[in-house]
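Each remark here refers to the structure printed beneath this line.
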Amino acid sequence: MDLFSNENTNLLPHDGIVLYYGKLLPKTKADDFLHHLLNGIEWKNDEAVIFGKRIITKRKVAWYGDRDFSYTYSNTTKKALPWTDTLLDLKRLVEERTGETYNSCLLNLYHTGEEGMAWHSDAEKDLKKDGAIGSLSFGAERKFSFKHKTSGDTVSLMLEHGSLLVMKGTTQTHWLHRLPPTRRTQSPRVNLTFRTIVETDVQ
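Here my numbering is used: the first residue of the sequence shown is 4, the next is one more, and so on.
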């Protein structure tokens with residue numbers, strides 16, 4: 004099922020809440036933010052340990068927050084860097100629009116459409132359980148998909164340049180999501196996922 008929706012409609016048929024706000028910014032402003040993100044973030048190739056083997060991805064990541072939070076996923080641990088002015092501006096924008104608050108942000112840089120993300124859920128122990136995750140996209144328009152862990156129901160939409168998607172409630176418990184690769188896109192995409200790290204897990 005392909006859905007194109009507004010912020011008032013839950014894209015998921017059951018067991019979770021996903022809201023698509025569409026474009027938050029005019030193209031010129033979104034272009035400016037994309038430029039700052041591509042050039043002003045401390046990008047590093049992502050690492051994962053799968054079946055005991057360390058994998059280095061082409062996709063790059065960065066992790067920022069209110070303090071040097073530790074965040075562990077795919078058997079690797081990252082320490083958050085201090086916010087940049089650009090990230091703080093975007094954090095305020097997302098918080099004002101969603102009515103949520105966030106203390107950290109995981110950024111992903113996909114250089115072309117051939118770089119994607121496999122099925123997964125953001126349910127690491129460091130994250131606030133059932134907390135909202137605000138996903139802000141810049142650059143290439145890409146398809147984003149959800150799949151229910153039990154029923155296999157699927158939902159897909161296109162994430163536009165300068166758009167916001169919010170996942171909350173029991174979405175991470177019951178649904179997987181992915182960014183499927185595509186050869187049609189040769190331009191970069193930057194995705195920011197604003198999150199809440201549980202305070203007791205601060206190192």
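For glycine and all other residues, C-beta sits at the position ideal for the given N, C-alpha and C.
Nothing here was measured: the structure is a model prediction, and the numbers come from that model.
Under DSSP, no beta-bridge partner is assigned to Glu117. Between Gly137 and Ala33, the C-beta spacing is not below 8 Å.
Within the same chain, Gly19, Ile20 and Asp133 come within 8 Å of Gly172 by CB-CB distance, once the 5 residues on both sides are set aside.
Taking C-alpha positions only, Lys26 is separated from Lys81 by approximately 30 Å.
Fewer than three Cβ pairs drawn from the segment 92-104 and the segment 124-133 lie within less than 8 Å of each other, which leaves the two stretches out of contact. Tyr105 and Phe149 have their C-alpha atoms roughly 23 Å apart. Less than 8 Å divides the Cβ of Leu182 from the Cβ of Gly119.
Residue pairing of Tyr24 in beta bridges, as defined by DSSP: absent, with no partner found.
From the listed residues Thr31, Glu117, Trp178 and Trp66, the smallest Cα separation to Thr153 is found for Trp178. Between Glu163 and Glu144 a beta carbon distance of about 5 Å is seen, short of the 8 Å cut, so the two are scored as contacting. Of all alpha-carbon atoms in Leu167, Leu195, His151 and Lys61, the one lying nearest the alpha-carbon of Leu15 is that of His151.
The C-beta distance from Ser107 to Arg192 rounds to 20 Å, too long to fall under 8 Å, and the pair is not in contact. Counting only runs that start and end inside the segment 63-129, the beta strand (DSSP E) elements of at least 3 residues fall at 73-76, 79-82, 107-113 and 120-123. Taking a contact as a CB-CB distance under 8 Å, the pair Tyr23 and Leu109 does not count as one, their CB atoms being some 19 Å apart. Rounded to whole angstroms, the gap between the alpha carbons of Thr176 and Val158 is 16 Å. Shown here, Leu167 sits in a strand according to DSSP, grouped into three states. In this structure, Lys63 places its C-beta atom within 8 Å of the C-beta atom of Asn48.
As the crow flies, the alpha-carbon of Asn111 is around 16 Å from that of Thr87.
Its chain contains no residue whose beta carbon lies nearer than 7 Å to that of Glu99 once the 5 sequence neighbours on both sides are disregarded.
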